[in-house]
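These protein sequences, in sequence, are chains R and G. Mapping of the first sequence onto numbering that gives the first Met the number 0: position 22 corresponds to residue 21, and the numbering continues sequentially without gaps. Mapping of the second sequence onto numbering that gives the first Met the number 0: position 108 corresponds to residue 107, and the numbering continues sequentially without gaps. Think of the CB as a built atom: it goes at the ideal place given N, C-alpha and C, for glycine as much as any other residue.
Protein chains: 2
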Amino acid sequence: MARASVVGVGMTKFGVHDRPLEELFADAAFPAIDDAGIESSEIDALYLGNTLGGMTENDTHLAPKLASHLGIAGIPTQRFEDACATSSNALKNAVHAVEAGVHETVLVGGVERCTDRTGLETDAMTRIFASAAHRHYEQPGGLTFPGVFALLTKRYMHEYGVTEEDLAAIAVKNHHNGTLNPRAQFGKEVTVPEVLESPLIADPFHLMDCCPFSDGASAVVVTATDQGASYDSEPVDITGVGHSTDIVPLADKRSLTATQAARDAATEAYEQAEIEASDVDFAEVHDCFTGAEAMAIDALGLFEDGEGGRAATRDQTALDGEVPINPSGGLKAKGHPIGATGTAQIVELTEQLRGDAGERQIAGSNCAVAHNLGGDAATTVVSVMEARL
Amino acid sequence: MARASVVGVGMTKFGVHDRPLEELFADAAFPAIDDAGIESSEIDALYLGNTLGGMTENDTHLAPKLASHLGIAGIPTQRFEDACATSSNALKNAVHAVEAGVHETVLVGGVERCTDRTGLETDAMTRIFASAAHRHYEQPGGLTFPGVFALLTKRYMHEYGVTEEDLAAIAVKNHHNGTLNPRAQFGKEVTVPEVLESPLIADPFHLMDCCPFSDGASAVVVTATDQGASYDSEPVDITGVGHSTDIVPLADKRSLTATQAARDAATEAYEQAEIEASDVDFAEVHDCFTGAEAMAIDALGLFEDGEGGRAATRDQTALDGEVPINPSGGLKAKGHPIGATGTAQIVELTEQLRGDAGERQIAGSNCAVAHNLGGDAATTVVSVMEARL
């Protein structure tokens, strides 16, 4: 089995972009190819994540379209869609293909436009996002995603005594990290009172507990690095990728707070990587809402159940804490262009593990995890990356 | 490398269905599981094709939703979208996963609703289909898919002297085959004059040159059959899967008539299977329009360039011809529920190679090919299946 590593990364600033999907993706893909120091002709396949392009821009079959724009048509290309976990699933399949020798070098990435630059108003976009909720049991009742995660989080707070202040501390931390990330959508500090005084969206979430609508793209070059080739950047190995699924709709889940798919995916990824949760130096997790970060870091085994909810309050997840979480600013501050989020987490892990993360660099980290979740905490992909010592 | 085989198949009748996507897919998936004689708990992953569900029914993240409905949530599930080649790409990835030992048994399938039972009128559906055409160079000019394939076919007719009567003969043949397929949307014979007298849609295509809008689902169980297990049905081996991409938009293609991605995918698939085109006993090809069948069978090397256009007129592609094409009735008569078409071709190949195809059984066939195309002849997947002698 070949060893799959990331040898090149690129991403746009997340925020508002007035560019077609082809150009937006190229702004991530070409830098990733350049970062790897390879020629475009060395790319054997494109594994693309895009979640909403059909609904937002009447644009499907994007994989060959983007490959054509990049000048690499002719190779196999394919699009994945698994709600917010879209480009992590593209990564998983690319890693499998490289490990199995199906492809030597794969360009993996995601692109999405979710802001009003699509021409859509916020209510139309909210309806589109809700397409990932159950079509018959959830959408008709108006259960959009702030509501989905509010339900999960409200139960989590009840079970573990976590407070709104604890959730707000997660937003404060991630916004602080965002100020250190030039590609983050939001680069300003916020305070706990500011979070709590922002408008209530879905109890217990205030506006500042919620990630924004974003446009953006991200891309990574995954290649087999045990063939002796050299690259411009230090390879970072993908040593495990776990992927699991929980039940949709919410009402049928065995537990609302366990986010079971994350637990199963983490177990699988850690086994592949031959690590334990205690080996993880930092993580990027799917903080679409503050409560989601709390449940994610419990599920990853980085904290005891319920303690993840208080970890930010205790500074345990700060950049200089025991286990820094979301050094990039997370979805909360970096932004969340749905299909681009998964590989953007991989960009952050790679830069951190190379020691290239600038002002937000976490000292002495060798092993990191990305946790990317889709829909009603239904799809979860957990990836382990390790620097070479 | 494990050997990947199909051990179970299922599909709904294609046509008009008043059932939610979950139930429609279950009507193909459960029969496939039963046909294999396995328990649902033996399925390690779901690889799902759906192309339009977000746009037609505001329903995305379908893989975990359908897995939940089937009672198999917990396994990795993922959705593929590559226009009309959607479920063939799901199959390709499943074959890779089985061959590499990532999964032992994968449920692969597709589901789609494209008729007015979605609540959409024909013009809205036409716009949705056009999402696979280039967003900036083709959609704004109104180039929908009858137009795309009319442009390719008009050039093909010019280069090779193929006539409208020759195209009509393809429709006549496929409609005849459809009369022998109880799951086909159209079960009536048509004549060349009837095709030529049907309304002109996009020159040279008359209405009867075009496949219909369809609802339907298909599923196959792909498993590693060199592990010694036995199955209720005779395994049929997938010995090659090739996948390639051509340029979008049409105007940038090197050739309008070569359908280059099909040639590249066929070369790859034949090499994997260690066969030549002359070894192919019959094929299911992507006849979204009659002209597409002609170009496909040329590209697969089953006929000399240009001769594929006259093959139906000469009865070479009839059920008892030299190389039967589309014994199922093809997209033309069987129907074309976009995301379900690729695995429906695999259902037909499996049943034929088992000798289970009833009135449309092709005598003495051991090696067959499926050709599934997406968008502007951009994505093409070619699969080779072989019976065990």
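Spatial distance of residue i from residue j (CA atoms)
i             : j             : result
residue 242/R : residue 162/G : 52 angstroms
residue 31/G  : residue 124/R : 37 angstroms
residue 217/G : residue 29/R  : 38 angstroms
residue 250/R : residue 142/R : 12 angstroms
residue 0/G   : residue 237/G : 13 angstroms
residue 230/R : residue 224/R : 9 angstroms
residue 226/G : residue 385/R : 34 angstroms
residue 179/G : residue 366/G : 21 angstroms
residue 388/R : residue 363/R : 11 angstroms
residue 211/R : residue 334/R : 6 angstroms
residue 50/G  : residue 50/R  : 12 angstroms
residue 181/G : residue 345/G : 17 angstroms
residue 138/G : residue 61/R  : 14 angstroms
residue 203/R : residue 75/G  : 31 angstroms
residue 12/R  : residue 132/G : 28 angstroms
residue 339/G : residue 376/G : 18 angstroms
residue 279/R : residue 269/R : 10 angstroms
Residue-level contact to chain G via CB, residue i, 8 angstroms cutoff
i             : result
residue 80/R  : yes
residue 371/R : no
residue 131/R : yes
residue 157/R : no
residue 244/R : yes
residue 198/R : no
residue 126/R : yes
residue 222/R : no
residue 58/R  : yes
Any chain R beta carbon closer than 8 angstroms to residue i
i             : result
residue 86/G  : no
residue 378/G : yes
residue 54/G  : yes
residue 4/G   : no
residue 139/G : no
residue 344/G : no
residue 374/G : yes
residue 296/G : no
residue 63/G  : yes
residue 134/G : yes
residue 95/G  : yes
residue 180/G : no
residue 309/G : no
residue 99/G  : yes
residue 203/G : no
residue 247/G : yes
residue 214/G : no
Opposing strand residues paired with residue i [DSSP bridges]
i             : result
residue 202/G : According to DSSP, which records beta bridges pairwise, residue 202/G is partnered with nothing at all.
residue 319/G : Note: residue 319/G sits in no beta bridge, so no partner.
residue 279/G : Residue 279/G pairs with nothing; no bridge assigned.
residue 110/R : 216/R
residue 148/R : In DSSP, residue 148/R forms no bridge with anything.
residue 223/R : 3/R
residue 77/G  : 46/G
residue 244/G : 378/G
residue 394/R : Outside the shown range of chain R (0 to 388) lies residue 394/R, about which nothing can therefore be said.
Whole-angstrom C-beta distance between residue j and residue i, which should lie under 8 angstroms
i             : j             : result
residue 369/G : residue 184/G : So it is not a contact: roughly 19 angstroms between Cβ atoms.
residue 235/G : residue 86/G  : Not really, about 17 angstroms apart at Cβ, beyond 8 angstroms.
residue 68/G  : residue 21/G  : 4 angstroms
residue 106/G : residue 45/G  : 5 angstroms
residue 349/R : residue 8/R   : 5 angstroms
residue 34/G  : residue 277/G : Residue 34/G to residue 277/G, Cβ: 31 angstroms. No contact.
residue 80/G  : residue 59/R  : 6 angstroms
Distance CB(residue i)-CB(residue j) smaller than 8 angstroms
i             : j             : result
residue 130/R : residue 53/G  : yes
residue 302/R : residue 351/R : no
residue 167/G : residue 191/G : yes
residue 325/G : residue 88/G  : no
residue 55/R  : residue 126/R : no
residue 307/R : residue 314/R : no
residue 265/G : residue 298/G : yes
residue 97/G  : residue 221/G : yes
residue 286/G : residue 200/G : no
residue 82/R  : residue 374/R : yes
Amino acids of chain C, ordered along the chain, whose beta-carbon sits closer than 9 angstroms to that of residue i
i             : result
residue 251/G : Protein chains in the displayed structure are R and G, and chain C is not among them.
beta-carbon residue i near the ligand MN non-hydrogen atom, thresh 7 angstroms
i            : result
residue 64/R : With respect to small molecules bound, the structure shown includes none, and the ligand MN cannot be examined in it.
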